[in-house]
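Colleague:
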Amino acid sequence: MGRYKLSPGRMKMPMSTTCWLSLVVAIILCWHAADGSTPKRPSSFQFYMRDTLQNKTAPNLNTAFIVGAPNGNLTGFKFGAVVVFDDPLTEGPDLTTKRIGRGQGTYTYDNFYNPGFDALMSFSALIDTHQFNGTINMFGADRLTLPTRDISVVGGTGDFELARGIATITTFVIDGDTFIVRFKLRLYY
Ligand SMILES: *[C@@H]1O[C@H](CO)[C@@H](O)[C@H](O)[C@H]1NC(C)=O
Ligand SMILES: *[C@@H]1O[C@H](CO)[C@@H](O)[C@H](O)[C@H]1NC(C)=O
Ligand SMILES: *[C@@H]1O[C@H](CO)[C@@H](O)[C@H](O)[C@H]1NC(C)=O
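All you need for this note's numbering is the position in the sequence shown, starting with 1, plus 81.
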């Protein structure tokens, strides 16, 4: 520090330059103060999502509901059926493993010729742990019969601010109308 003495020259810095510098510093400070921290921006992230659509023995456990369907018939995965979900996200496939957030959004059955085979997935993973806090927004064709499929990561907030990337979905278990799927994310910022 001692080597950088205030030289008289610096005092002669034009007022406008000083103003601009202060403005830039103020903007940078505000930028980081907005959420109190710098995004952590992990390059990979993984979780399991449990979607319970119709547990007939314990309907109170359901986390997903068909909310729209052709002719108002809310049974079956027909073309045009729309499901809204609010599913638990966990570290492992079992519900007893660490909860890391909720997956909230919709999927729409959109395969006209093979109803129930493809769905358009559109949802946000709300991550809330001590390590990461923020949302990851995902969108794309979920081709349910394939063992793995990719959808797009279209954005993120908080620790995932401005994320883009690929979410690889693997079906882990289908038990009746309960789906346990693994999401493996590759993230770019
Ligand atoms: C439905 O709920 C019961 C009671 O908790 C549970 O034992 C069963 O595994 C659930 N079935 C599915 C398909 O999730
Ligand atoms: C509703 O859909 C179910 C399953 O696809 C079918 O069995 C039933 O007949 C339908 N009901 C009506 C009123 O269309
Ligand atoms: C994550 O952020 C939300 C909203 O800013 C806050 O309410 C919550 O306490 C945070 N969670 C953790 C574990 O820090």
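C-beta: ideal position from N, C-alpha, C; glycine also.
According to DSSP, simplified to helix, strand and coil, what is Phe160?
Modeller: Within the sequence shown, residue 160 is the residue found at index 79, counting from 1. Three-state result, Phe160: coil.
Colleague: Return the CA-CA distance between Ser203 and Leu243, expressed in angstroms with no decimal places.
Modeller: Here residue 203 refers to the residue found at position 122 when the sequence shown is read from its first residue. Here residue 243 refers to the residue found at position 162 when the sequence shown is read from its first residue. Taking the straight line from one Cα to the other gives about 17 Å.
Colleague: Is there contact here, the stretch 216-225 with the stretch 134-149, by at least three beta-carbon pairs under 8 Å?
Modeller: Because the criterion of three Cβ pairs below 8 Å is not met, the stretch 216-225 and the stretch 134-149 do not touch.
Colleague: Are there any heavy atoms of ligand 4 lying less than 6 Å away from the beta-carbon of Gly161, as far as the coordinates show?
Modeller: Although ligand 4 was asked about, the structure shown includes only ligand 1, ligand 2 and ligand 3 as ligands.
Colleague: Using the rule of at least 16 other Cβ atoms within 10 Å of the residue's Cβ for burial, across every protein chain shown, is Leu170 buried or exposed?
Modeller: On the sequence shown, position 89 is the one that residue 170 refers to. Buried, by the Cβ-count rule.
Colleague: Would you say Ile247 and Thr210 are within 7 Å of each other, going by their C-beta atoms?
Modeller: Along the sequence shown, one-based indexing puts residue 247 at 166. Along the sequence shown, one-based indexing puts residue 210 at 129. No, Cβ-Cβ distance for Ile247 and Thr210 is not below 7 Å.
Colleague: Report all residues for which the CB-ligand distance to some heavy atom of ligand 1 is below 6 Å; order them along the chain.
Modeller: This selection yields Thr133, Asn136, Thr138, Ala139, Leu142, Asp256, Gly257, Thr259.
Colleague: With distance defined between alpha-carbon atoms, name the residue in Val262, Arg267, Tyr190, Ala162 nearest to Thr133.
Modeller: Residue 133 sits at position 52 when you count from the first residue of the sequence shown. Per the Cα distances, Val262.
Colleague: Give me the pocket residues for ligand 2, defined as CB within less than 5 Å of any heavy atom, sorted by chain position.
Modeller: Ordered along the chain, the selected set is Asn154, Thr156, Gly157.
Colleague: Leaving out five residues before and five after Phe260 in sequence, what residues of the same chain have Cβ atoms less than 6 Å from its Cβ?
Modeller: Your numbering for residue 260 matches position 179 in the sequence shown. Cβ within range, chain order: Asp132.
Colleague: For the beta strand (DSSP E) that Pro259 lies in, which residues bound it at each end?
Modeller: What you label residue 259 is simply residue 178 of the sequence shown in a count that begins at 1. Note on residue identity: the sequence assigns Thr, not Pro, to residue 259. It spans 259-269 - the beta strand (DSSP E) in which Thr259 sits, taken as one unbroken run.
Colleague: Beta-carbon separation of Arg230 and Tyr269 under 7 Å?
Modeller: Along the sequence shown, read from residue 1 onward, the residue named residue 230 stands at position 149. Along the sequence shown, read from residue 1 onward, the residue named residue 269 stands at position 188. Contact flag unset, no.
Colleague: If you drop the 5 nearest sequence neighbours on each side, which residues of the same chain put their C-beta closer than 7 Å to that of Phe213?
Modeller: Taking the first residue of the sequence shown as 1, we reach residue 213 at position 132. Cβ within range, chain order: Lys121, Pro123, Asp240.
Colleague: Compare the Cα-Cα distances from Gln127 to each of Asp256, Thr249, Thr238, Ile255 and report the closest residue.
Modeller: In the sequence shown, the residue the question calls residue 127 occupies position 46. When each option's Cα is compared against that of Gln127, the closest is Thr249.
Colleague: Does DSSP put Ile109 in a helix, in a strand, or in coil?
Modeller: On the sequence shown, position 28 is the one that residue 109 refers to. Here Ile109 scores only 47 on pLDDT, less than 50, and its place in the model is too uncertain to base an answer on.
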